[in-house]
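*Asks:* Quick note: the sequence shown, position 82, residue 82 per full-length UniProt numbering, numbers continuous.
Even glycine gets a Cβ: it sits at the ideal position worked out from N, Cα and C.
After the structure tokens below, expect a handful of questions from me.
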Amino acid sequence: MRGSTSGRPIMALFNLLGRRWVLRVIWELDQASGPLTFRELRTACGDLSSSVLTRRLSELTEARLVEHQEGYRLTRAGRTLVERLTPLTQWATEWRMTMDE
Numbered sequence: 001m002r003g004s005t006s007g008r009p010i011m012a013l014f015n016l017l018g019r020r021w022v023l024r025v026i027w028e029l030d031q032a033s034g035p036l037t038f039r040e041l042r043t044a045c046g047d048l049s050s051s052v053l054t055r056r057l058s059e060l061t062e063a064r065l066v067e068h069q070e071g072y073r074l075t076r077a078g079r080t081l082v083e084r085l086t087p088l089t090q091w092a093t094e095w096r097m098t099m100d101e
């Protein structure tokens, strides 16, 4: 399994998601009302360099989480990943609130 020396899919996924800017790219694509051009996605991500965005899009495309058809968008697997991350996002919000106490 690429990205994991253990051969476990979850470790390969965590390796991919842990790369700088990957979650931000996924987030921006999920929030978009349709496919985004490279320039639109780069703008949405703030100060992300073109070379890093190119690399991350390549990695996410290879992982079949993003596709490029009339712009970049999440694949079905990418959308499912976002859905699966929703409970974790809710947990993180609650956890953050306890950190402020």
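Can you tell me which of the three DSSP states MET1 falls into?
*Replies:* For MET1, the pLDDT reaches just 45, beneath the cut-off of 50, and the residue's location in the model is therefore unreliable, although a value from the coordinates is still provided. Coil, per DSSP.
*Asks:* CB-CB under 8 angstroms to CYS45, same chain, minus the five flanking residues each way: which ones, in chain order?
*Replies:* Same-chain partners within the cutoff: TRP21, ARG24, VAL25, GLU28, LEU53.
*Asks:* With a threshold of 8 angstroms on Cβ separation, who are the neighbours of GLU73 within its own chain once the five nearest residues in sequence on each side are excluded?
*Replies:* The sequence shown places Arg at residue 73, rather than the Glu named in the question. Cβ neighbours of ARG73 beyond the five flanking positions: LEU29, ALA32, GLY34, PRO35, LEU36, VAL66, GLU67.
*Asks:* Rounded to whole angstroms, what's the CA-CA distance from GLN90 to GLU70? Just pull it up for me.
*Replies:* Rounded to the nearest angstrom, the two C-alpha atoms are 32 angstroms apart.
*Asks:* From the DSSP secondary-structure annotation, give me the bridge partner or partners of LEU36.
*Replies:* The partner list for LEU36 (beta bridge, DSSP) reads TYR72.
*Asks:* Mind checking whether THR75 and ARG84 have CB atoms under 8 angstroms apart?
*Replies:* No.
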